[in-house]
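Enquirer:
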Amino acid sequence: MNAKRSPAAKETTASNARKLFVLDTNVLMHDPLSLYRFEEHDLFVPMMVLEELDANKKGMSEVARNARQASRMLDEIVSGAEHHMAQGIALVAPSRGLASGHLFLQTEAIDGSLPSSLPTARADNQIIGVTMHLSRVSDGRPVILVSKDINMRIKARALGLEAVP
Numbered sequence: 000m001n002a003k004r005s006p007a008a009k010e011t012t013a014s015n016a017r018k019l020f021v022l023d024t025n026v027l028m029h030d031p032l033s034l035y036r037f038e039e040h041d042l043f044v045p046m047m048v049l050e051e052l053d054a055n056k057k058g059m060s061e062v063a064r065n066a067r068q069a070s071r072m073l074d075e076i077v078s079g080a081e082h083h084m085a086q087g088i089a090l091v092a093p094s095r096g097l098a099s100g101h102l103f104l105q106t107e108a109i110d111g112s113l114p115s116s117l118p119t120a121r122a123d124n125q126i127i128g129v130t131m132h133l134s135r136v137s138d139g140r141p142v143i144l145v146s147k148d149i150n151m152r153i154k155a156r157a158l159g160l161e162a163v164p
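Heads up: the sequence shown at position 105 corresponds to 104 in numbering that gives the first Met the number 0, and the numbers run straight through without jumps.
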């Protein structure tokens, strides 16, 4: 593996395995502070999640306010990054010590191949595709989809992925 740090293939020991949690948009729209609730584990935000946050930020509803807050928090984290985002951004400083993992944003196109029964035009399926790709390249590191959408979790589990609310 090259010197560039990969979110899916991070050095770990068996007893201290850092998990990689792939966040669905609805997790951030339900609780923007969830960015800091994964303690020592790493987070991956697919590009589609940023698109969906952008699409849901308008209006006065709680969902719109949370989408704006999540976007502001991501902007604050990214703005404070001292190196290229593909290497992960430490969450210790922005979380004020609540989280010690890293945030990874999707910075390049990935092979998000899906079974033909799942249309790639759907955002949920694209996020599942990202999770599948990260699982394939993880070198045994646990990759877990986090979603409030029960049907998305069911589809992910049907494809052999770990998924939690």
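Yeah, the Cβ is synthetic: ideal placement off N, Cα and C, and Gly gets one too.
For the alpha helix (DSSP H) containing LEU52, list its first residue and its last residue.
Expert: Unbroken alpha helix (DSSP H) run through LEU52: 46–54.
Enquirer: Closest to ASP148 by CA distance: which of GLY139, VAL163 and LEU158 is it?
Expert: Ranking GLY139, VAL163 and LEU158 by Cα distance to ASP148 puts VAL163 first.
Enquirer: Starting from the C-beta of ALA155, find all residues in its chain whose C-beta is less than 6 Å away, skip the five residues before and the five after it, and write them out in chain order.
Expert: ILE127, LEU144 and ALA162
Enquirer: By the three-class DSSP mapping on this structure, what secondary structure does GLU161 have?
Expert: strand
Enquirer: For the pair the region 61–68 and the region 76–86, tell me if three or more CB-CB distances fall below 8 Å.
Expert: At 8 Å Cβ cutoff, the stretches do not touch.
Enquirer: Assuming VAL48 and LEU22 make a contact with CB atoms under 8 Å, what is their CB distance in whole Å?
Expert: Right, the Cβ-Cβ distance comes to about 6 Å (below 8 Å), so this counts as a contact.
Enquirer: Under a three-way DSSP split, which group does ALA89 fall into?
Expert: Looking at ALA89 - three-state DSSP - the assignment turns out to be strand.
Enquirer: Hey, how far is the Cα of THR119 from the Cα of LEU113?
Expert: Cα-Cα distance, rounded: 7 Å.
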